[in-house]
Amino acid sequence: MDDSDDPVMALLATQRAVLAAVENLAGQVEAMQGKVDAMGETLAQLVAGVGCVPTLGDRFRDATAEEAARDPALYAAYTHYVVAQVIAKNLHRDNPILAEQEAVRARDWIADQLDRGRQFDMAKAKRREDGAAHAVIEPIHEEMFGGRVRVARQPDRGQ
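With the sequence shown counted from 1, adding 30 to any position gets you our numbering.
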């Protein structure tokens, strides 16, 4: 009787084959776990914003005055931010800190609007009799400041 006929030896051979298969599977699982870990790191970086393309609103928030003035995609919105700064100063004449906070909120509001796809026209200005230019309060500024500023309405001309 040779080893191939012995049931105990056949069982041992089967166990060795199963053990080798389990070890092979364990190696494959370990390799897959490494790939899953790498994908998890990549996903975490994407969620954290690393490697993401900034939105138009992000660009607006991060731009200096000079950068916004040179960027055609930001310039019209920036003109409204300049008006918002003046409005904020007028709303909080006695408190420059509140005025600055108000201007920051207006900048964030504009950036959020850009992210929602809103298109901005250039802010309007008028010349006073003394030749100085001043910003025109528009409906967008009413919206921006929650109705705390009002558009100058033209008086009804007798209908």
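No residue lacks a Cβ here, since even glycine has one placed at the ideal position from N, Cα and C.
Just so you know, these numbers come straight off a predicted model, no measurement behind them.
If you reduce the DSSP assignment to three classes, tell me which class residue i lands in.
i, result
"K154", "coil"
"A162", "coil"
"D36", "coil"
"Q189", "With a pLDDT of 49 at Q189, under the threshold of 50, the predicted position of this residue should be treated as unreliable, and no value is reported."
"R146", "coil"
"P102", "helix"
"R180", "coil"
"G72", "Strictly speaking, residue 72 in this sequence is Thr, with Gly absent from that position. Helix."
"A78", "coil"
"A93", "coil"
"I140", "helix"
"E132", "helix"
Which partner residues of residue i appear in the DSSP bridge assignment?
i, result
"H122", "Per DSSP, none; premise fails for H122."
If residue i sits next to residue j, beta carbons under 8 Å apart, how far is it from one beta carbon to the other, in whole angstroms?
i, j, result
"D142", "G87", "6 Å"
"D98", "Y108", "Here residue 98 turns out to be Ala, not Asp, going by the sequence shown. Yes, they are in contact, since the Cβ atoms of A98 and Y108 sit about 4 Å apart, within 8 Å."
"K154", "E168", "6 Å"
"T94", "D145", "T94 to D145, Cβ: 19 Å. No contact."
"V83", "A165", "At roughly 33 Å, the Cβ-Cβ gap does not stay under 8 Å, so V83 and A165 are not in contact."
"R180", "E172", "6 Å"
If we count the other Cβ atoms within 10 Å of its Cβ and call it buried at 16 or more, is residue i buried or exposed?
i, result
"M174", "buried"
"Q189", "Because Q189 sits at a pLDDT of 49, beneath the cut-off of 50, its placement in the model cannot be relied upon, and the following sentence gives the value as read from the coordinates. So Q189 ends up on the exposed side."
"L42", "exposed"
"H110", "buried"
"R178", "exposed"
"V77", "exposed"
"A47", "exposed"
"R148", "exposed"
Are the CB atoms of residue i and residue j nearer to each other than 8 Å?
i, j, result
"I140", "F90", "yes"
"E132", "L121", "yes"
"M62", "A106", "no"
Is there a C-beta anywhere in chain B that falls below 8 Å from the one on residue i?
i, result
"A106", "Included in the structure is just one protein chain, with no chain B present."
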